[in-house]
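Step one of this worksheet: look at the structure below.
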Amino acid sequence: MFRKKLIFLFLMMLLAFTACADEAEEPEVAETAVPQVAAVDPTIPPAEATAVPTEVPQANPTLPPTETAVPVVEASPAPQRFGILRFRDSDTTPAGSFQLLLEGIAAPAAGTHYELWLVDDSFNTLNLGIFDVVDGNVQYNGTVEQNLLASYSGAFISIEPDGVADGEIGTIAFNGVVPAGSLLHIRHVVTAFAGNPDGNAFLIGAQTQIHHAMEHAGFLLDELANDNIREAQRHAEHVVNILDGETGPNFGDLDGDTLAQNPGDGFGVRAYLEGAEEHTNLALTAEGVTAEVELHAGHVLISSDNALARIDDAIGEALRIIASDSAAEAQPAAEELMALLAAALNGVDTNGDGVIAPIPDEGGILTAYVHGQNMASFEFFAADGATVAAAPAEEAPAVEAAPTAEPASTEAPAAAAPVVIEMANFAFVPNEITVEAGTAVTWVNQDNGPRHSATA
Numbered sequence: 014m015f016r017k018k019l020i021f022l023f024l025m026m027l028l029a030f031t032a033c034a035d036e037a038e039e040p041e042v043a044e045t046a047v048p049q050v051a052a053v054d055p056t057i058p059p060a061e062a063t064a065v066p067t068e069v070p071q072a073n074p075t076l077p078p079t080e081t082a083v084p085v086v087e088a089s090p091a092p093q094r095f096g097i098l099r100f101r102d103s104d105t106t107p108a109g110s111f112q113l114l115l116e117g118i119a120a121p122a123a124g125t126h127y128e129l130w131l132v133d134d135s136f137n138t139l140n141l142g143i144f145d146v147v148d149g150n151v152q153y154n155g156t157v158e159q160n161l162l163a164s165y166s167g168a169f170i171s172i173e174p175d176g177v178a179d180g181e182i183g184t185i186a187f188n189g190v191v192p193a194g195s196l197l198h199i200r201h202v203v204t205a206f207a208g209n210p211d212g213n214a215f216l217i218g219a220q221t222q223i224h225h226a227m228e229h230a231g232f233l234l235d236e237l238a239n240d241n242i243r244e245a246q247r248h249a250e251h252v253v254n255i256l257d258g259e260t261g262p263n264f265g266d267l268d269g270d271t272l273a274q275n276p277g278d279g280f281g282v283r284a285y286l287e288g289a290e291e292h293t294n295l296a297l298t299a300e301g302v303t304a305e306v307e308l309h310a311g312h313v314l315i316s317s318d319n320a321l322a323r324i325d326d327a328i329g330e331a332l333r334i335i336a337s338d339s340a341a342e343a344q345p346a347a348e349e350l351m352a353l354l355a356a357a358l359n360g361v362d363t364n365g366d367g368v369i370a371p372i373p374d375e376g377g378i379l380t381a382y383v384h385g386q387n388m389a390s391f392e393f394f395a396a397d398g399a400t401v402a403a404a405p406a407e408e409a410p411a412v413e414a415a416p417t418a419e420p421a422s423t424e425a426p427a428a429a430a431p432v433v434i435e436m437a438n439f440a441f442v443p444n445e446i447t448v449e450a451g452t453a454v455t456w457v458n459q460d461n462g463p464r465h466s467a468t469a
């Protein structure tokens, strides 16, 4: 009975739940346009679905820089230098003598000859004469009564007809050059400089003043020989003041007599040498500097440095004399003083090779002066359009080697013939000479230097 009631109750609850569900409102659905679909041919099989890849944006690739073609410009070969014209002091005139050294030039055509000329800034010319060519080489010297280095700034070589003296200048074969900017300061070193006492060039002033210092060193030695220490000290003061000049650190009344005595020009050997170095460096850095300027500027600087070091030592010896209490005490310093002054002027052959060279511890003021003149050497090059080089020697035809090697000879090779090379101030053209091993070479210096030989 109870079970029937329970089933009846369950049925009633089910009916109530169904009625509630029917009463609930259905939601309104918006009408949506349905796209029309094209009719599909049933005979065509459906296409397989293909996956469409998703494109991912990528960074733009970095392209290598485009290479720009750079045209290759071949450097023009350096013009051939055929030689130099240099100047020297004659017995009577500063820079009054000259020497022309050329090599590898062609002889002039038959019926013509070469003539050497100088030209100044106003195009006035000086004919230095006719010279010969021997086996492509020229060594030509001469002397005039004027300072050639001071007066002329250019040189050239012309081709002239034989037997014609009409005063006209023929075809120019060679031009001799030295940069104008370099020449200006070279003249200050060895010719003249308006800012110095008496307008002296720096190395001329240095020579003049050191001669005065040597003169008073001689007076000093004479006084010591007479046992007169006070007078010797007075001359020692003279030496110091001549060397140091009025602006020098040691200039003054050194012997205590209340007077700063100076028989020199007041400028001082030291100041002259320092000025020479300054203007040499200006010549060296000028536009278009030549090989001759570069080479000999170094020689001037080295030799001037040597002289300055000896000047410092000489001043030290003179101060020792002034501090001495007796002639006997001062004597060694006086002798060393004279030796140092001579070394500052003339240089010293330190290595004993017979030559006072422009190298450390050797060259002096005179060495610097000669190489200062060398800086002003004109270097000769072919004029535009001129064919002046000597034709190269014909090469001997090649000889085929024998098929069977010969045994080496055990005999010593014959000694090569001796060679004599002429130089001017220990320079020669060409500046490279090849000789066989074992050749005895004798250099003959045309500037009154010592004759010496060597074996290659």
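For the sequence shown, the working numbering gives the first residue as 14, with consecutive numbering after it. Cβ atoms here follow ideal geometry from the backbone N, Cα and C, with glycine treated the same way.
- Task: Give the range of the beta strand (DSSP E) segment to which Tyr-153 is assigned.
- Result: Start and end: 150-156.
- Item | Glu-392 - partner residues in DSSP beta bridges | DSSP, once it has assigned bridges, lists Ile-97 and Val-190 as partnering Glu-392.
- Item | Extent of the continuous beta strand (DSSP E) run through Ile-170 | DSSP places Ile-170 inside the beta strand (DSSP E), whose first and last residues are 167-174.
- Could you check what DSSP says for Ile-328 in three-state terms: helix, strand or coil? Helix at Ile-328.
- Query: Near Ile-334, which residues of its chain fall below 8 Å by C-beta distance, leaving aside the five closest residues on each side in sequence?
  - Reply: Hits under 8 Å: Leu-233, Ala-245, Gln-246, Ala-249, Ala-343, Ala-346, Ala-347 and Leu-350.
- Query: Hey, quick one: how far does the alpha helix (DSSP H) through Glu-375 stretch, first residue to last?
  - Reply: Segment: none, Glu-375 is in no alpha helix (DSSP H) and carries neither H nor E.
- Buried or exposed: Arg-243, going by 16 or more other Cβ atoms within 10 Å of its Cβ? The residue is exposed, with fewer than 16 neighbouring Cβ atoms inside 10 Å.
- Output yes or no for whether 9 Å exceeds the beta carbon distance between Val-282 and Ala-219. Contact flag set, yes.
- Task: Could you name each continuous alpha helix (DSSP H) segment of 4 residues or more that falls completely within the segment 203-268, going from the start of the chain to the end?
- Result: Taking only runs of at least 4 residues, the alpha helix (DSSP H) segments lying wholly in the segment 203-268 are 215-238 and 242-257.
- Query: Closest to Leu-237 by CA distance: which of Asp-366, Ser-339 and Glu-392 is it?
  - Reply: The candidate whose alpha carbon is nearest that of Leu-237 is Ser-339.
- Same chain only: Cβ atoms within 7 Å of Ala-409, ignoring 5 sequence neighbours per side: Low local confidence applies: a pLDDT of 42 at Ala-409 is under 50, so the model's placement there is unreliable, and no value is given.
- Please name the residue, chosen from Ala-352, Ala-322, Gly-329 and Gly-385, that lies closest to Pro-373 on a Cα-to-Cα basis. The option with the nearest alpha carbon to Pro-373 is Ala-322.
- Message: Considering only the alpha carbon of each residue, which of His-224, Ile-185 and Ala-320 lies closest to His-126?
- Response: Residue Ile-185 is the option with its Cα nearest to His-126.
- Query: Exposed or buried, Val-177, counting other C-beta atoms within 10 Å across all chains shown (16 or more means buried)?
  - Reply: The residue in question, Val-177, is exposed, as its Cβ has fewer than 16 Cβ neighbours within 10 Å.
- Starting from Leu-129 and walking both ways along the beta strand (DSSP E), at which residues does that stretch end? Unbroken beta strand (DSSP E) run through Leu-129: 125-132.
- Look at Asn-359 and Ile-378 and say whether their C-beta atoms are less than 9 Å apart. Taking a C-beta distance under 9 Å as the contact criterion, Asn-359 and Ile-378 qualify as a contact pair.
- Query: Would a C-beta distance cut-off of 9 Å place Val-191 and Ser-166 closer than the cut-off?
  - Reply: Yes, the Cβ-Cβ distance between Val-191 and Ser-166 is below 9 Å.
- Using 8 Å as the threshold, is the segment 267-282 in touch with the segment 298-315, meaning 3 or more CB pairs across them? Not touching, per the Cβ criterion.
- For the candidate residues Met-227, Met-388 and Gly-142, whose alpha-carbon lies nearest to that of Ala-327? Ala-327 has its Cα closest to that of Met-227, out of Met-227, Met-388 and Gly-142.
- Query: Which first and last residues belong to the beta strand (DSSP E) in which Glu-116 is found?
  - Reply: Start and end: 110-116.
- Measuring CB to CB, does Val-202 end up less than 9 Å from Val-132? Not closer than 9 Å, so no.
- Item | Where Asn-140 sits in the DSSP three-state scheme | Strand, per DSSP.
- Name the residue from Asn-241, Gly-398, Asp-240 and Ala-273 whose alpha carbon lies nearest to the alpha carbon of Val-253. Restricting attention to Asn-241, Gly-398, Asp-240 and Ala-273, the CA atom closest to the CA of Val-253 is found in Ala-273.
- Message: Residues in the same chain with beta-carbon distance under 7 Å from Pro-40, minus the five sequence neighbours each way, listed in chain order, please.
- Response: Residue placement at Pro-40 is poorly supported in this model, since its pLDDT is 40, which falls under 50; the coordinates still yield a value, given next. Here the set comprises nothing.
- Have a look at Gly-212 and Phe-136 and give me their C-alpha separation to the nearest angstrom. Across the structure, Gly-212 and Phe-136 are spaced so that their CA atoms are roughly 25 Å apart.
- Message: Please classify Thr-271 as buried or exposed, where buried requires at least 16 neighbouring CB atoms within 10 angstroms.
- Response: The residue in question, Thr-271, is exposed, as its Cβ has fewer than 16 Cβ neighbours within 10 Å.
- Query: Ala-341 bridges to which residues according to DSSP?
  - Reply: Note: Ala-341 sits in no beta bridge, so no partner.
- Is the segment 259-266 close to the segment 286-295, with three or more CB pairs under 8 Å? No, the segment 259-266 is not in contact with the segment 286-295.
- Item | DSSP bridge partner residues for Val-147 (one or two, in chain order) | In the DSSP output, where bridge partners are listed per residue, Val-147 has Asn-150.
- Given Phe-393 as reference, the closest of Gly-155, Gly-189 and Asn-150 once Cα atoms are compared: Minimum Cα-Cα distance from Phe-393 among the listed residues Gly-155, Gly-189 and Asn-150 corresponds to Gly-189.
- Message: With a threshold of 6 Å on Cβ separation, who are the neighbours of Thr-204 within its own chain once the five nearest residues in sequence on each side are excluded?
- Response: Closer than 6 Å at the Cβ level, and outside the excluded window around Thr-204, lie Leu-162, Ala-163 and Ala-214.
- Message: I'd like to check one pair, Gly-376 with Ile-199: are the Cβ atoms closer than 9 Å?
- Response: Not a contact, by the Cβ cut-off of 9 Å.
- Item | Nearest candidate by alpha-carbon position, reference Gly-117, set Gly-109, Ala-108, Phe-95 and Leu-353 | Distance from the Cα of Gly-117 is smallest, within the candidate group Gly-109, Ala-108, Phe-95 and Leu-353, for Phe-95.
- Query: Is it the case that the CB of Phe-264 approaches a heavy atom of the ligand NAD more closely than 8 Å?
  - Reply: As for the ligand NAD, it is missing from this structure, which has no ligand bound.
- Message: Within a Cβ cutoff of 7 Å, which residues of the same chain sit near Leu-141, ignoring the five residues on either side of it in sequence?
- Response: Within the same chain, Leu-141 has close Cβ partners Phe-111, Leu-129, Trp-130, Leu-131 and Gly-155.
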